[in-house]
Amino acid sequence: MTMTYKNSNQQAPLDAQCAPSHRLLLQRADAGIRQAQPAVADTHRLHYHLMPQVNWMNDPNGLVYYRGYYHVFYQHHPYSPDWGPMHWGHARTKDFIEWEHLPIALAPSEDYDLDGCFSGSAVVEGDLLHLFYTGHRVIDGQLTQVQCRATSSDGIHFIKDKRNPLITSFPSDGSPDFRDPKVWQHQESWFMVLGSGKNGRGNVLLYKSKDLTQWDYVGVLAQSDGTQGTIWECPDLFLLGARHVLLVSPMGVENRRVMYFEGDMDYEAGKFSPQHVGTLDYGPDFYAAQTFSGTKRRLMLAWMDAWECHIPSKKDNWAGALTLPRELLLDESGKLKTQPLPELKGLRRRGVPAPTSVLVEKDQSLALTNPQAACLEMNLVVSLTSTTASHFTLCFSYAESSEQIVVGYNKVTGELYLDTSEVHAGQPGLYNAPIYPQGQSLDLRIFLDRSSIEVFAHEGAATITARIYPRSHTTVPILSALDGQIEVTSLACWNLAK
Ligand code: FRU
Numbered sequence: 000m001t002m003t004y005k006n007s008n009q010q011a012p013l014d015a016q017c018a019p020s021h022r023l024l025l026q027r028a029d030a031g032i033r034q035a036q037p038a039v040a041d042t043h044r045l046h047y048h049l050m051p052q053v054n055w056m057n058d059p060n061g062l063v064y065y066r067g068y069y070h071v072f073y074q075h076h077p078y079s080p081d082w083g084p085m086h087w088g089h090a091r092t093k094d095f096i097e098w099e100h101l102p103i104a105l106a107p108s109e110d111y112d113l114d115g116c117f118s119g120s121a122v123v124e125g126d127l128l129h130l131f132y133t134g135h136r137v138i139d140g141q142l143t144q145v146q147c148r149a150t151s152s153d154g155i156h157f158i159k160d161k162r163n164p165l166i167t168s169f170p171s172d173g174s175p176d177f178r179d180p181k182v183w184q185h186q187e188s189w190f191m192v193l194g195s196g197k198n199g200r201g202n203v204l205l206y207k208s209k210d211l212t213q214w215d216y217v218g219v220l221a222q223s224d225g226t227q228g229t230i231w232e233c234p235d236l237f238l239l240g241a242r243h244v245l246l247v248s249p250m251g252v253e254n255r256r257v258m259y260f261e262g263d264m265d266y267e268a269g270k271f272s273p274q275h276v277g278t279l280d281y282g283p284d285f286y287a288a289q290t291f292s293g294t295k296r297r298l299m300l301a302w303m304d305a306w307e308c309h310i311p312s313k314k315d316n317w318a319g320a321l322t323l324p325r326e327l328l329l330d331e332s333g334k335l336k337t338q339p340l341p342e343l344k345g346l347r348r349r350g351v352p353a354p355t356s357v358l359v360e361k362d363q364s365l366a367l368t369n370p371q372a373a374c375l376e377m378n379l380v381v382s383l384t385s386t387t388a389s390h391f392t393l394c395f396s397y398a399e400s401s402e403q404i405v406v407g408y409n410k411v412t413g414e415l416y417l418d419t420s421e422v423h424a425g426q427p428g429l430y431n432a433p434i435y436p437q438g439q440s441l442d443l444r445i446f447l448d449r450s451s452i453e454v455f456a457h458e459g460a461a462t463i464t465a466r467i468y469p470r471s472h473t474t475v476p477i478l479s480a481l482d483g484q485i486e487v488t489s490l491a492c493w494n495l496a497k
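Encoded structure:
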């Protein structure tokens, strides 16, 4: 099967205001993508996630609802499957099912961004779409990061602001790592958070503006306690219900998991006081999460890879993808829940015949379905009161190879885990997510695509996301009870496709 993205053959901007150098670079990048497309091998292509048409993708950028579409920009190197001078790739969707690739929005073209248009965000003001991004330069080993803007009146063609850079240097609370502007409106003012760090502590710096052009430094919004990373990348601050949530992606820690802080925001003092800290996703392939601007629901996407990981699809001339879109919710205790969007039910093509409830006896295993193409959604609820096994596993076994992926639950420790160590390529490992409070039952929603797995447990209180690169694409889910019985009270499975 191949991806069926619609490709809008929009021409690059003819707008006279767009600097000719930028226009040419955009045209060249788009032409390069068209030329390179036939060389993209299908082997690990995903069937229902957003991924680059060709070559490299990392962070989601500029997530915004504008003129009837959810716009998704992303860090993109259109010339190779490796990271390189960053462009902003662009796609849009009305329903998170059908995606339309659009021309590249930003290319490095000016003195202030020649080594890359780094991550950033988008807001709508009046009729205009504003993109804020970091201009990145490294000259003689010296890093310079400045904050810039580009605007568009059609959501497709972007003009860099002649006044760029709007923020020319980092404040004394920061360091040359000074990037990833996330902008939002609060009452009459605009605010921007930037990721940085000082003296080994990652921090988030706050700016304020009346007009989106002139930005004044307010101060340090939040910082690491000394154990949470040396630089914080991709900050995002937002209101969720009556509380505020801050997301950051840390550098300088062993496991670079996206952290969330739930707490109080004091706009007068420019300070965020965290009450709870947590991990947004416990998998190895989840980074640089960003939420959408302009939506009532708090919707989020993240890069479904990570800096450290080996990406086998590079040999197929592409690398990187985004997670499924997820909605963020807070429970009464301040714990963040992430759930797949209800729209994703539109991916369900065919119900897979499976029993609606199952009892597996001690030391037994049961195949829950016949072999299926590995684009599946599987939902199950396990009764923890009638399950006596201390440990059970749901193993996706790949029929034509000896590979398998295991989703398991240890009732004694209350830990959910994903074990990808039996898959031949990618980043094999064992990833644990604590689940508390344990409750009477455990609900699991599992989304398997050809080279990814996303597990949502306990109504999204714990999630684990990983890329996997099995040799074959047909799998059988097998449930095993170890030292006691396991009772599944509800089970459903679908084949997914766009
Ligand atoms: C996060 C990040 C950002 C930066 C971008 C560069 O993954 O390092 O801080 O803007 O990627 O591509």
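Be aware that the sequence shown starts at 0, since it is given in numbering that gives the first Met the number 0, and climbs by one per residue.
All C-beta atoms in this analysis are idealised placements derived from N, C-alpha and C, irrespective of residue type, glycine included.
Source: prediction; values computed, not measured.
Inset, instruction - Within its chain, find whatever has a CB closer than 7 Å to the CB of residue 400; leave out the 5 residues flanking it on each side and keep chain order. - result: 469, 470, 471
Inset, instruction - Quickly, what does DSSP pair residue 215 with across the bridge? List them, please. - result: 207
Inset, instruction - Spatial neighbours of residue 263 within its chain, please: CB distance less than 8 Å, with the 5 preceding and 5 following residues excluded, ordered by chain position. - result: 242, 243, 271, 272, 274
Inset, instruction - Could you please give the first and the last residue of the uninterrupted beta strand (DSSP E) stretch that includes residue 21? - result: That residue, residue 21, is in no beta strand (DSSP E); its alpha helix (DSSP H) goes 19-35.
Legend entry - Own chain residues within Cβ distance below 7 Å of residue 129, not counting five before or after: 121, 122, 148, 150, 211
Legend entry - Stretch-stretch touch, CB-based, cutoff 8 Å, three pairs: the segment 414-422 with the segment 335-351: no
Inset, instruction - Please name the residue, chosen from 359, 457, 285, 115, that lies closest to residue 305 on a Cα-to-Cα basis. - result: 285
Legend entry - Closer than 7 Å to the ligand FRU: residues, by C-beta to nearest heavy atom, in chain order: 57, 58, 74, 82, 85, 115, 117, 118, 133, 178, 179, 194, 232, 233, 248, 286, 287, 302, 306
Legend entry - Coarse secondary structure for residue 180, derived from DSSP in three states: strand
Legend entry - Straight-line gap, residue 329 to residue 335 (C-alpha atoms, nearest Å): 5 Å
Legend entry - Residues that residue 403 bridges to, as DSSP identifies them: 396, 421
Inset, instruction - Go through the segment 311-379 residue by residue and report every complete run of the beta strand (DSSP E) that reaches 3 residues or more, in order. - result: 325-329, 335-339, 347-350, 357-359, 364-366
Inset, instruction - State buried or exposed for residue 325, treating a residue as buried only when at least 16 other CB atoms are found within 10 Å of its CB. - result: buried
Inset, instruction - Identify every residue that forms a DSSP beta bridge with residue 233. - result: Beta-bridge pairing links residue 233 to no other residue.
Inset, instruction - To the nearest angstrom, report how far apart residue 387 and residue 320 are at their CA atoms. - result: 39 Å
Legend entry - N-terminal and C-terminal residue of the beta strand (DSSP E) that residue 151 is part of: 141-151
Inset, instruction - Tell me, to the nearest whole angstrom, how far the beta carbon of residue 179 is from that of residue 199; I am working on the premise that it is less than 8 Å. - result: Not confirmed; about 19 Å, so no contact.
Inset, instruction - In angstroms with no decimal places, state the Cα-to-Cα distance between residue 355 and residue 132. - result: 49 Å
Inset, instruction - Determine the contact status of residue 255 and residue 281, defining contact as a CB-CB distance below 9 Å. - result: no
Inset, instruction - Give the single residue among 429, 267, 424, 475 whose Cα lies nearest to the Cα of residue 369. - result: 475
Inset, instruction - With distances taken Cα to Cα, identify the nearest neighbour of residue 81 among 95, 56, 398. - result: 56
Inset, instruction - Output the distance between the C-alpha atoms of residue 499 and residue 452, rounded to the nearest integer angstrom. - result: Because the chain here runs from 0 to 497, residue 499 falls outside it and cannot be looked at.
Legend entry - Nearest neighbour of residue 164, chosen from 96, 203, 112 [CA to CA]: 112
Inset, instruction - Report yes if the CB atom of residue 77 is closer than 9 Å to the CB atom of residue 88, and no otherwise. - result: yes
Inset, instruction - Identify whether residue 40 lies in helix, strand or coil by the three-state DSSP scheme. - result: coil
Inset, instruction - Go through its chain and collect everything with a Cβ distance to residue 116's Cβ below 6 Å, but skip five positions before and after it. - result: 85, 87, 105, 107, 132
Inset, instruction - Return the residue from the list 299, 394, 374 that minimises the CA-CA distance to residue 64. - result: 299
Inset, instruction - Pull up the DSSP beta-bridge partners for residue 443, would you. - result: 379, 456
Inset, instruction - Compare the beta carbon distance of residue 175 and residue 146 with 9 Å and say whether it is the shorter of the two. - result: no
Inset, instruction - Measure the C-alpha to C-alpha separation of residue 490 and residue 432 and round it to an integer number of angstroms. - result: 22 Å
Inset, instruction - Let me know if residue 3 comes out buried or exposed under the rule of 16 or more other beta-carbons within 10 Å of its beta-carbon. - result: Caution applies to residue 3, whose pLDDT of 35 falls short of 50 and renders its modelled position unreliable; the value that the coordinates give is listed next. So residue 3 ends up on the exposed side.
Inset, instruction - Flag this pair as yes or no: are the beta carbons of residue 445 and residue 383 separated by less than 9 Å? - result: no
Inset, instruction - Count the other CB atoms, across all protein chains shown, that sit within 10 Å of the CB of residue 126; report buried if there are 16 or more and exposed otherwise. - result: exposed
Inset, instruction - In the DSSP assignment, find the unbroken beta strand (DSSP E) run with residue 58 in it and report its ends. - result: 54-65
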